[in-house]
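Asker: Take this structure first; my questions come after.
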Amino acid sequence: MKKKIIVSGTLLILALIYTFLAFVRMPAGEAANPKGGFLPRCIGLLAIAMCILDLLFEIRHPDKEDNGFDIRELFVFAKIILVFAGYVFLLYLLGYIIASIVFLFVLFTVTDVKPFIKKFILSIAVTAVFFIIFQIILNVGLPEGIVLEALLY
Amino acid sequence: MLESVTMLLSGFSEALVLKNIAAAFAGALVGTLAGILPGLGISGSIALLLPLSYGMEPLTALIMFSGIYYGAMYGGSTTSILVNVPGEGASVVTCLQGHSMAKRGRAGAALCVCAMGSFFAGTIGVIGLTFFAPVLSRWALKFGPPEYMMIAALGLILLANMTGKSKVKSYIMVLLGMMLGSVGMDATGSIARYTFGSLNLLEGLDFIIVIMALFGLGEIMDTMIHPVDTSVKQKVRLRDLYPNKEETKRSVCPIGRGTIIGFIMGLLPGPAMSLSTYVSYSLEKKLSKHKDEWDGYGAIEGVAGPESANNAASTAQMIPLLALGLPFSSSAALLVSGFRIHGIVPGPRLMTMYPALFWGLVASMYIGNLICLILNLPLVPAFAKILKVPMKILMPIVALITFTGAYALNYSIFDLSMLVLFGIAGWFLAKGGFSLAPVAIGMFLGPQFESSLKQSLSMFDGNIGLVFTRPIAGTMAVIMILSILWTVFRSIQKTRSGKEDEIVIEAD
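Protein chains in written order, with numbering that gives the first Met the number 0: chain A, 0 to 152; chain B, 0 to 507.
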């Protein structure tokens, strides 16, 4: 299926959910005294109308250059997302230094940086530079990770 | 006028303090570097660099943000000319003639004309800011909620009308931005909207995180998936950095015209920086006496005009931003967020409440433009070397900066999960042919629009038609309605003829 149809369809579903919640969970008030649900209802209805228009246009006039998502593209995308999500988890668990070294090393592997020693040194050096800038110079409290916190305190 | 000059002179006494000069230098340098890197764009760059301002005094931080803002405009042309890959949206047009010039060994001349044009346009823009912003500020003090509501609405409509290939897609993105802006407690604080029980969402989605994700992480992912070849084929030597007599002569008028076009367009809501480059390019092509050079040879007018236009537009956009507190582009919205981090709210009262800060900032822009010129002339060969670093090494490093910067904003791991989520969304939306800048504007102006709409409805006792009884708000409402009708009319015409828009305006 075409990329544009998939994305437009997904947006329509999101607009429907948004509008449904605005009508069900939020009071709209009156014209002279609008409440929190007033604008979301208007935005939601407009968004549904626009998304339907867009979807119809994409179905009736499909983009000839749009060949849908290719498997290789989605595979690399999924790998990158997994690395990003894993980094957030590792940051929480092991703290900035270890998580960042692992993060960079894995990303360099995904982007095919060679050889191994170059990836390894780059990961450590870049992490060290950022740690010095953010933690020491800018005094940003970078996460220590729950494991290290448990060991220290 | 005399008062403005006096205040500007006092502003120079603030801006010429060593730490503020250093901040202007750092901002201009970092902005230029960010502008050089393809993909990130101005919005992504400012978002990534906001955390660097922690611990700074407000004026110093604002000077640095502004430096990044106009530094990126200078840097964008370098990549366009040398590698035919625009560093940011407003440099797309520069590729056309700039890279052709580079291929015949005139890269240095093109870069020099860009820097000179940018300096001239930027300086004229700051002079305009010096004299127009106080007038607009005084005028804006008379604005009530209906006027602010209409400015926000007009900004949203015009931006959507002028951005991207499909108007419907742009409107959807504006609405998506407004949806994201509606998350959290509503303006009156009575109900929690779309928080799904999460305490982290009560204060709403962090604008900067969403922008970092959409413009930064989404682009990083795309560059990793589809690596771009940015290896510099042209060697740029210092001695080549001078245009010859003919090139200089042919650049003067385009720089002047580009400056005027950019300045006027920068005062209007919409993607002025990109749009002004297209207008300037078309005008120069029409007026050129060397039409044969526009097809692959490389006409200097096609570099001088658009580059001056985008710099004039970016500086002119500071006028509504500082005087009204309303950003008309996603990068300007990011600047406002940077101001807010330091407790400063741009708007009509900025000049009266913080005169030293306002005039110090304006004065710093004169200095910053000069710094950008100095940086961009002799350091171009050095900047070009950055492009030799392969993207497969650069992008993971930029990803780490993004995550570190995002964490530093609120010290929140939750923000990082939002960053990943919106990074995914940004990538998918871009694949679906959606332009992302309207999301930023919708998310920023949406809450402002909502609160002024509520106030206006209360003022008018529910009768929104009374907006036409107020001259300024009424005029804006008429322009907005005409703009919508024109869009509908054009869309019907195009659907019947089966044609699509000829050019795609990259949003700022």
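Ideal placement from N, C-alpha and C gives every residue a C-beta, glycine not left out. Values in this document were obtained by computation on a predicted structure and should not be read as measured data.
#1: Is the distance from the Cβ of B/Gly304 to the Cβ of B/Arg105 below 8 Å?
#2: Measure the C-alpha to C-alpha separation of A/Leu90 and A/Leu141 and round it to an integer number of angstroms.
#3: Under DSSP, the alpha helix (DSSP H) around B/Trp138 begins and ends at which residues?
#4: By the three-class DSSP mapping on this structure, what secondary structure does A/Ala30 have?
#5: If you drop the 5 nearest sequence neighbours on each side, which residues of the same chain put their C-beta closer than 6 Å to that of A/Gln134?
#6: For B/Ala186, report the span of its alpha helix (DSSP H) as first-last.
#7: B/Ala355: which of B/Thr486, B/Gly473 and B/Thr59 sits nearest, CA to CA?
#8: Going by DSSP, name the residue or residues bridged to B/Arg192.
#9: Since A/Leu93 is in the alpha helix (DSSP H), which residue starts that stretch and which ends it?
#10: Could you list the residues in the region 397-416 of chain B with a C-beta less than 8 Å from some C-beta on chain A, going in chain order?
#11: DSSP three-state label for B/Met272, please.
#12: Would you mind sorting A/Tyr152 into buried or exposed? The rule is 16 or more other CB atoms within 10 Å of its CB.
#13: List in chain order: all unbroken alpha helix (DSSP H) runs of 4+ residues lying wholly within the region 282-341 of chain B.
#14: Which chain A residues sit within Cβ distance under 7 Å of B/Pro395?
#15: Answer yes or no: does any C-beta atom of chain A fall closer than 8 Å to that of B/Thr187?
#16: Which of the three DSSP states, helix, strand or coil, is assigned to B/Pro354?
#17: Any idea if A/Gly67 is buried or exposed, counting beta-carbon neighbours within 10 angstroms, 16 or more meaning buried?
#18: If the criterion is Cβ atoms closer than 8 Å, does the pair B/Ser275 and B/Ile299 meet it?
#19: Mind listing the chain B neighbours of A/Pro142? Cutoff is C-beta to C-beta under 9 Å, in chain order.
#20: Quick check on A/Ile145: buried or exposed, where buried means 16 or more other Cβ atoms within 10 Å of its Cβ?
#21: Pull out every residue of the region 0-25 of chain A whose Cβ sits closer than 9 Å to any Cβ of chain B, in chain order.
#22: Applying a beta-carbon distance threshold of less than 7 Å, which residues of chain A neighbour B/Arg192?
#23: Could you compute how far the alpha carbon of B/Gly265 sits from the alpha carbon of B/Asp294?
#24: Return the residues of the region 76-92 of chain A that lie within a Cβ-Cβ distance of less than 8 Å from chain B, sorted by chain order.
#25: Output, in chain order, the set of chain B residues within a Cβ distance shorter than 8 Å of A/Val146.
#26: When you compare each of B/Leu110, B/Glu13, B/Met178 and B/Leu435 to A/Thr18 by their alpha carbons, which one comes out closest?
#27: Spell out whether any CB of chain A is found under 8 Å from the CB atom of B/Trp358.
#28: Can you tell me whether DSSP reads B/Lys391 as helix, strand or coil?
#29: Along the region 163-185 of chain B, what residues have a CB closer than 9 Å to any CB found in chain D?
#30: Assign B/Ala22 to one of two classes, buried (16 or more other C-beta atoms within 10 Å of its C-beta) or exposed (fewer than that).
#31: Can you tell me where the alpha helix (DSSP H) with A/Thr110 in it begins and where it stops?
#32: Would you call B/Trp485 buried or exposed, if buried means 16 or more other Cβ atoms sit within 10 Å of its Cβ?
#33: Kindly indicate if chain A contains any beta-carbon less than 8 Å away from that of B/Lys18.
Answerer: Considering the structure as presented:
#1: no
#2: 9 Å
#3: Ala106 to Ala139
#4: coil
#5: Leu141
#6: Careful: B/Ala186 lies outside any alpha helix (DSSP H) and carries neither H nor E.
#7: B/Thr59
#8: B/Gly183
#9: Ile70 to Leu93
#10: Ala398, Leu399, Ile400, Phe402, Thr403, Tyr406, Ala407, Tyr410, Ile412, Leu415 and Ser416
#11: helix
#12: exposed
#13: 300-315, 317-323 and 329-340
#14: Leu103, Leu106, Phe107 and Thr110
#15: yes
#16: helix
#17: exposed
#18: no
#19: Tyr406, Tyr410 and Ile412
#20: exposed
#21: Lys2, Lys3, Ile4, Ile5, Val6, Ser7, Thr9, Leu10, Leu13, Ala14, Tyr17, Leu20, Ala21, Arg24 and Met25
#22: Met25, Gly35 and Pro39
#23: 29 Å
#24: Phe76, Ile79, Ile80, Phe83, Ala84, Tyr86, Val87, Leu90 and Tyr91
#25: Within chain B, no residue comes near A/Val146; the closest Cβ sits about 14 Å away, beyond 8 Å.
#26: B/Met178
#27: no
#28: helix
#29: Judged by its chain identifiers, the structure shown contains no chain D, and its protein chains are A and B.
#30: buried
#31: It is not in any alpha helix (DSSP H) - A/Thr110 carries neither H nor E in the DSSP assignment.
#32: exposed
#33: no
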